[in-house]
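Enquirer:
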Amino acid sequence: SLPYSTYFTKAGMFTPILNGIITGVIFSICSYGAVFFMLIKIGMQHNFRKGFMFELGHMASILLLISVIQFSLVKLTDLTAYSQMFCLIGGLVVIGFGVNSFRNAKNQTISNGAVKPAPWYRYMIEGFLINIINPFEFILWFGIIGGVNMNFNLNSNQSLVFSITALIAMGATDLGKVI
Numbered sequence: 679s680l681p682y683s684t685y686f687t688k689a690g691m692f693t694p695i696l697n698g699i700i701t702g703v704i705f706s707i708c709s710y711g712a713v714f715f716m717l718i719k720i721g722m723q724h725n726f727r728k729g730f731m732f733e734l735g736h737m738a739s740i741l742l743l744i745s746v747i748q749f750s751l752v753k754l755t756d757l758t759a760y761s762q763m764f765c766l767i768g769g770l771v772v773i774g775f776g777v778n779s780f781r782n783a784k785n786q787t788i789s790n791g792a793v794k795p796a797p798w799y800r801y802m803i804e805g806f807l808i809n810i811i812n813p814f815e816f817i818l819w820f821g822i823i824g825g826v827n828m829n830f831n832l833n834s835n836q837s838l839v840f841s842i843t844a845l846i847a848m849g850a851t852d853l854g855k856v857i
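Here the sequence shown stands for residues 679 to 857, numbered as in this note's numbering.
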């Protein structure tokens, strides 16, 4: 049996892990979408635990996307044929979230002006749904995983290690936004 460090270098896992960390941190720092603003809002109005639950839902949705992409359940031709429909549906859902947020703003305040906290699981569900309905996330991860696989000629294990490492790095960096 080989020592772990020998297996690590012989199996070529250093490059996918290093690139996964870099990719995850850069994505988290440079992303200013709905998840970013929700994390900031939850961190300011509630507490770290609720923000952590939201981030767990967000990461679960990305894990689902990575799984679909890694196991080749979706072809690129199918994605491009329906991309306008995905964008329209995703846009309508995001607008729906916004309208619902404004409509329920009065119902969420307590007499002293503080926001009434929702149960912890609601934050996790919101984190999952707000990300999974965004067609850009699928296209983004499909492009990243495909591009990294082609540029570094990764096998399926290395590609999975890259994806999971990027997800963990992104989640850890995102949690810094809640604090």
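Ideal Cβ positions, reconstructed from N, Cα and C, are used throughout, including at glycine.
For the alpha helix (DSSP H) containing F749, name the first residue and the last one.
Expert: Taken as a continuous stretch (DSSP letters only), F749 belongs to no alpha helix (DSSP H), as it is neither H nor E.
Enquirer: On a Cα-Cα basis, can you pick out the residue from I740, N831 and L838 that is closest to V713?
Expert: Considering only alpha carbons, the answer is I740.
Enquirer: Measure the Cβ-Cβ separation of V623 and M731 and say whether it is below 8 Å.
Expert: Nothing can be reported for residue 623, as the shown portion of the chain is limited to 679 through 857.
Enquirer: Which word fits N812, buried or exposed, when buried means at least 16 other C-beta atoms lie within 10 angstroms of its C-beta?
Expert: Burial call: buried.
Enquirer: Name the residue from T693, I699, F830 and F814 whose alpha carbon lies nearest to the alpha carbon of Y710.
Expert: Closest option to Y710, Cα to Cα, is F814.
Enquirer: Specify, as a first and last residue, the run of the alpha helix (DSSP H) that A850 falls within.
Expert: Note, A850: alpha helix (DSSP H), S834 to V856.
Enquirer: Quick check on DSSP: helix, strand or coil for G711?
Expert: In this structure, G711 counts as coil in the three-state DSSP scheme.
Enquirer: Inspect the beta-carbon positions of G735 and A847 and report whether they are closer than 8 Å.
Expert: No, the pair does not count as a contact, with Cβ atoms beyond the cut-off.
Enquirer: Go ahead and label Y801 buried or exposed: buried means 16 or more other beta carbons lie within 10 angstroms of its beta carbon, across all protein chains shown.
Expert: Buried is the call here.
Enquirer: Could you tell me how far apart the beta carbons of G810 and L742 are, in whole angstroms, since I believe they sit closer than 8 Å?
Expert: Correcting the residue type first, residue 810 is Ile in the shown sequence and not Gly. Their Cβ separation, rounded to whole angstroms, is 7 Å, which keeps I810 and L742 in contact under 8 Å.
Enquirer: Please determine, among L807, I704, F726 and S834, the residue with the shortest C-alpha to C-alpha distance to F749.
Expert: Of the listed residues, the one whose Cα sits closest to F749 is S834.
Enquirer: Return the CA-CA distance between F820 and I700, expressed in angstroms with no decimal places.
Expert: Those two C-alpha atoms are separated by around 17 Å.
Enquirer: For the alpha helix (DSSP H) containing M802, list its first residue and its last residue.
Expert: Taken as a continuous stretch (DSSP letters only), the alpha helix (DSSP H) holding M802 covers W798 to I810.
Enquirer: Looking at the unbroken alpha helix (DSSP H) that takes in G690, where does it start and where does it end?
Expert: Looking at the DSSP string, G690 is not in any alpha helix (DSSP H), and its letter there is neither H nor E.
Enquirer: Which stretch, first to last residue, makes up the alpha helix (DSSP H) that contains N831?
Expert: Careful: N831 lies outside any alpha helix (DSSP H) and carries neither H nor E.
Enquirer: For my contact list, I720 and V856 are in at a C-beta cut-off of 8 Å; report their separation, rounded to the angstrom.
Expert: Yes, I720 and V856 are in contact; Cβ-Cβ is about 7 Å, under 8 Å.
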